[in-house]
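Novice: According to the numbering used here, the sequence shown is numbered sequentially starting from 447.
For each residue, glycine too, the CB sits at the ideal point set by N, CA and C.
A quick note: this is a predicted structure, and the numbers were derived from the prediction, not measured.
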Amino acid sequence: MTADFVVKKIMIVEDNPVNQKVMQRLIKILGHESISITDGFEAFEKIKLLRPAVILMDIQLIDISGIDITRAVKDDPELKDIPVIVVTASATADDQEKIIRESKCDDYLSKPFLPQELSDKISRYIAVKEVDFK
Ligand code: MN
Numbered sequence: 447m448t449a450d451f452v453v454k455k456i457m458i459v460e461d462n463p464v465n466q467k468v469m470q471r472l473i474k475i476l477g478h479e480s481i482s483i484t485d486g487f488e489a490f491e492k493i494k495l496l497r498p499a500v501i502l503m504d505i506q507l508i509d510i511s512g513i514d515i516t517r518a519v520k521d522d523p524e525l526k527d528i529p530v531i532v533v534t535a536s537a538t539a540d541d542q543e544k545i546i547r548e549s550k551c552d553d554y555l556s557k558p559f560l561p562q563e564l565s566d567k568i569s570r571y572i573a574v575k576e577v578d579f580k
């Protein structure tokens with residue numbers, strides 16, 4: 447970790463409380479703050495208001511698809527530069543490609559993931575604390 451490490455806000459859009467907890471814990475370990483959103487319809491307004499440094503986006507939410515929220519972010523000139531990492535359990539490479547294409551997300555992480563995998567993805571966009579997960 448460098449001396450100029452800055453704590454940033456990472457938004458978790460996820461309806462599953464267990465997954466939410468896992469990601470909250472990991473983000474804390476990586477040195478950042480998390481904001482968790484369960485309600486998909488709330489997500490876009492919260493993103494506009496809070497301008498997180500990175501967004502972790504579940505696709506299967508209760509009320510709306512994470513694909514639609516991500517595309518709305520990417521179509522908004524003021525928000526489009528916020529990196530969105532889609533985190534979802536997707537069966538095939540075709541599904542994955544479709545989600546990436548339709549959502550215009552920056553990155554994709556399959557569930558279930560290892561802590562190191564989430565760390566690697568987030569560290570493409572913001573500095574994270576170095577953690578030995580082994
Ligand atoms: Mn879900």
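Report the rounded CA-to-CA distance for Ser536 versus Pro558, giving the unit in angstroms.
Specialist: Here residue 536 corresponds to residue number 90 of the sequence shown, with the count starting at 1. Here residue 558 corresponds to residue number 112 of the sequence shown, with the count starting at 1. Approximately 10 Å between the Cα atoms of the pair.
Novice: With 16 as the cutoff for other CB atoms within 10 Å, does Ser556 come out buried or exposed?
Specialist: Translated into the one-based positions of the sequence shown, residue 556 becomes position 110. Ser556 is exposed by the Cβ-count criterion.
Novice: Identify every residue that forms a DSSP beta bridge with Ser569.
Specialist: What you label residue 569 is simply residue 123 of the sequence shown in a count that begins at 1. None, per the DSSP bridge assignment.
Novice: Roughly how many whole angstroms lie between the Cα atoms of Ile568 and His478?
Specialist: For the purposes of this step, residue 568 is taken as the residue at position 122 of the sequence shown. For the purposes of this step, residue 478 is taken as the residue at position 32 of the sequence shown. C-alpha separation (whole angstroms): 11 Å.
Novice: Measure the C-alpha to C-alpha separation of Ser511 and Thr484 and round it to an integer number of angstroms.
Specialist: Stepping through the sequence shown from its first residue, residue 511 is reached at position 65. Stepping through the sequence shown from its first residue, residue 484 is reached at position 38. If you take the alpha carbons of Ser511 and Thr484, they lie about 12 Å apart.
Novice: Just to confirm my understanding: we take Ile513, look at its own chain, exclude 5 residues before and 5 after, and list those with CB closer than 7 Å. What are they?
Specialist: On the sequence shown, residue 513 is found 67 positions in, with the first residue counted as 1. Excluding positions up to five away in sequence, the list reads Ile505, Ile545, Glu548, Ser549.
Novice: Got a sec: does the ligand MN put a non-hydrogen atom nearer than 8 Å to the Cβ of Ile513?
Specialist: Position 67 of the sequence shown holds residue 513. For the ligand MN, not one heavy atom lies less than 8 Å from the Cβ of Ile513.
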